[in-house]
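First residue of the sequence shown? That's -12 in this note's numbering, and the numbers climb one at a time after it.
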Amino acid sequence: MNISIIGAGYVGLVTTACFSELGNKVICIDNDTKKISLLKKGVIPIYEPGLEEFILKNLKNKRIKFSSSIKEAVNNSQVIFIAISTPALADGEADLTGIENIARNIALNMTGYRLIVEKSTVPVETGQWVKQTIQIYTKDKIKFDVASNPEFLREGSAINDFMHPDRIVIGVESKRARDILVELYKPLKAPLVITDIKSAELIKHASNSFLATKISFINAISRICDKVGADVVEVAEGIGLDKRIGKAFLNAGVGYGGSCFPKDIDAFINISKKIGYDFELLKIVKKINEEQKEFFLQKIKDTLWILKDKTIGVLGLSFKPNTDDIRNAPSIDIIKALQNEGAFIKAYDPYAMEKARLILDKVRFCRDAYEVCKNSDCLVIITEWDEFKELDFLRIKRLLKRPLIIDGRNIYEPKAMEKLGFRYIGIGRKTPKYLNE
Ligand code: UDX
């Protein structure tokens, strides 16, 4: 099929790469002309495993074209996906100015039937507004359909998530729109959930909120574990093996971050309020998540006592492993708070340092974990990159001023670390030797 993707961000680029890989001709549009000219040369602005390979391959065989012209996109495609970001306004409400603009521009360039598909995460009823906007600007003279097809891609595994989805959600109002999308996704052989547009829009917000709720739930349990000396990893395993609960998203830590969960939870609280429902549960989910960072800071303070003039070594800056994304990364708030107390920060991340340099001041960025540890008063883990799981701990112990590890992602086994001679503090982990010290 000939399709267009409007927006060359994470979602737009991954969608472009994967649809072209599946044999479609894709035009990817962005109004950032600098980004587009780099993409034309094969320079990918983000790190996402597998993305570059797909884009380079399909640029070469001419299945992908990058452009800044919506007119070109509308003229040459039957299906147009909107995959632009919907940033949060000051009160958490999603800013839909971009979506409205694009809907208008699509309408003004339409000459015949088009299917316009929302892929961005948008409040329920946005599809209705997109439809009205297009109707107004085409003066009701041209046939079109609007559909909702939310993405569930996780950064770091987005290509794999696209190619092997748990389900594909298709929200449509006509058989024609339904048939086009079913055909487009046929090669993926995934379960389809075909529903109306509003339900599809809600599925996206509801899934992200549910996942965030799972994380805050286990983080709340971790606090109880810390108080009574139980182990949250074992508790999570015990509850997660119940198939009704499931093991995923039960890792306690410094809280969720990223470009989706924090923004989507705010937006959902806001949408609910607007339509007359006070989503108290989600407010608490958000509160627990915010507190989790403070709780982690307190652990560092309780161990180091005075932070002024202490050197703290930090491993991991991205909001999760396998991405260079630091949007809403817990590392940023934690590092800034430590600096406010007078601590000096040394940090290392395999991919996110370039982006972190633009946000963090006075941090010494190091070339590896060992340089971070050299003469630091403690080692703090904020992101669970695989390479941090297998370090030379004897070397680490020699390099640190004192053998102290505070692990915000529970990547090590407390007993093993203690055996190696470390004082080890995790989140809700059983560390009886030190808890009552
Ligand atoms: C999320 C959704 O998973 C995806 O479906 C949606 O399309 C976009 O938002 P993403 O933000 O890429 O994806 O990351 P995800 O893997 O969901 O993790 C989000 C945050 O939760 C990260 O900060 C991660 O560290 C944290 N997390 C996740 C936990 O703290 N504990 C867990 O058990 C799982």
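All C-beta atoms in this analysis are idealised placements derived from N, C-alpha and C, irrespective of residue type, glycine included.
Proximity test, K201 beta-carbon vs ligand 1 heavy atom, cut-off 8 angstroms: Residue 201 sits at position 214 when you count from the first residue of the sequence shown. K201: yes, Cβ under 8 angstroms from ligand 1.
Residue span of the beta strand (DSSP E) that contains F430, given as start and end: An answer regarding residue 430 cannot be provided, because it is not within the stretch -12 to 424 covered by the chain.
Proximity below 9 angstroms, CB of A223 to CB of A239: Counting from 1 along the sequence shown, the entry for residue 223 is found at position 236. Counting from 1 along the sequence shown, the entry for residue 239 is found at position 252. Taking 9 angstroms as the Cβ cut-off, A223 and A239 qualify as a contacting pair.
Touch test, the segment 374 to 387 against the segment 174 to 194, Cβ-Cβ under 8 angstroms, three pairs minimum: no
P507 and E188 closer than 9 angstroms at C-beta: Nothing in the structure corresponds to residue 507, since the chain is present only between -12 and 424.
C-alpha gap between D355 and L378, whole angstroms: Stepping through the sequence shown from its first residue, residue 355 is reached at position 368. Stepping through the sequence shown from its first residue, residue 378 is reached at position 391. Looking at the two C-alpha atoms, the distance is approximately 11 angstroms.
6 angstroms Cβ shell around I129 - same chain, five flanking residues per side excluded: Here residue 129 refers to the residue found at position 142 of the sequence shown. Around I129: M97.
Where T290 sits in the DSSP three-state scheme: Start at 1 with the first residue of the sequence shown, and residue 290 comes out as number 303. If DSSP states are grouped into helix, strand and coil, T290 belongs with the helices.
F6 to S64 span [Cα, whole Å]: The residue given as residue 6 occupies position 19 in the sequence shown. The residue given as residue 64 occupies position 77 in the sequence shown. Those two C-alpha atoms are separated by around 13 angstroms.
Cα-Cα separation, D166 to K21: For the purposes of this step, residue 166 is taken as residue 179 along the sequence shown, with counting starting at 1. For the purposes of this step, residue 21 is taken as residue 34 along the sequence shown, with counting starting at 1. If I take the Cα positions, the gap works out to 36 angstroms.
Separation of K118 from S161, as counted between CA atoms: Translated into positions along the sequence shown, residue 161 becomes position 174. Translated into positions along the sequence shown, residue 118 becomes position 131. Computed Cα separation, rounded: 13 angstroms.
Residues that F68 bridges to, as DSSP identifies them: Mapped onto the sequence shown, residue 68 falls at position 81. Its beta-bridge partners are I(-8) and V104.
Distance between beta carbons of F236 and K201, contact taken as under 8 angstroms: In the sequence shown, the residue the question calls residue 201 occupies position 214. In the sequence shown, the residue the question calls residue 236 occupies position 249. Right, the Cβ-Cβ distance comes to about 4 angstroms (below 8 angstroms), so this counts as a contact.
Of the residues P317, P137, P308 and S318, the one placed nearest P337, counting alpha carbons only: Position 350 of the sequence shown, counting from 1, holds the residue named residue 337. When each option's Cα is compared against that of P337, the closest is P308.
3 or more residues per run - each beta strand (DSSP E) lying fully within the segment 246 to 324: 298 to 302
Range of the contiguous beta strand (DSSP E) that encloses G114: Position 127 of the sequence shown, counting from 1, holds the residue named residue 114. Unbroken run through G114 is the alpha helix (DSSP H), T113 to Y124; no beta strand (DSSP E).
Which of helix, strand or coil DSSP assigns to C212: As a first step, residue 212 must be located in the sequence shown, where it is residue number 225. Of the three classes helix, strand and coil, the one that applies to C212 here is helix, per DSSP.
Residue range of the beta strand (DSSP E) that includes C15: The sequence position of residue 15 within the sequence shown is 28, counting from 1. From DSSP, the beta strand (DSSP E) with C15 extends over K12 to I16.
Nearest-angstrom beta carbon gap, L269 and I258 [assumed within contact, 8 angstroms]: On the sequence shown, position 271 is the one that residue 258 refers to. On the sequence shown, position 282 is the one that residue 269 refers to. So it is not a contact: roughly 11 angstroms between Cβ atoms.
Endpoints, alpha helix (DSSP H) assigned at I157: Taking the sequence shown and counting its residues from 1, one reaches residue 157 at position 170. Note, I157: premise wrong, no alpha helix (DSSP H); beta strand (DSSP E) at I155 to G158.
Chain-order list of residues whose beta-carbon lies under 7 angstroms from that of L422 (same chain, five-residue window excluded): Locating residue 422 in the sequence shown gives position 435, where the first residue counts as 1. With a pLDDT of 47 at L422, under the threshold of 50, the modelled position of this residue cannot be trusted, and the question is left open.
Beta-carbon contacts of N206 that lie in its chain and below 6 angstroms, excluding the five residues immediately before and after: Stepping through the sequence shown from its first residue, residue 206 is reached at position 219. Counting only Cβ-Cβ distances below 6 angstroms, and skipping sequence neighbours, we find A239, I275 and Q279.
Residues near E424 by beta carbon distance below 7 angstroms, same chain, minus five either side: In the sequence shown, counting from the first residue as 1, residue 424 sits at position 437. Since pLDDT at E424 reaches only 46, below the 50 mark, its modelled position is unreliable, and the value read off the structure follows with that caveat. Once the five neighbours on either side are set aside, E424 has no close Cβ partner at all.
DSSP beta-bridge partners of D132: In the sequence shown, residue 132 corresponds to position 145, counting from 1. In DSSP, D132 forms a bridge with L102.
Residues bridged to C360 [DSSP beta-bridge criterion]: Taking the first residue of the sequence shown as 1, we reach residue 360 at position 373. The partner list for C360 (beta bridge, DSSP) is empty, contrary to what the question assumes.
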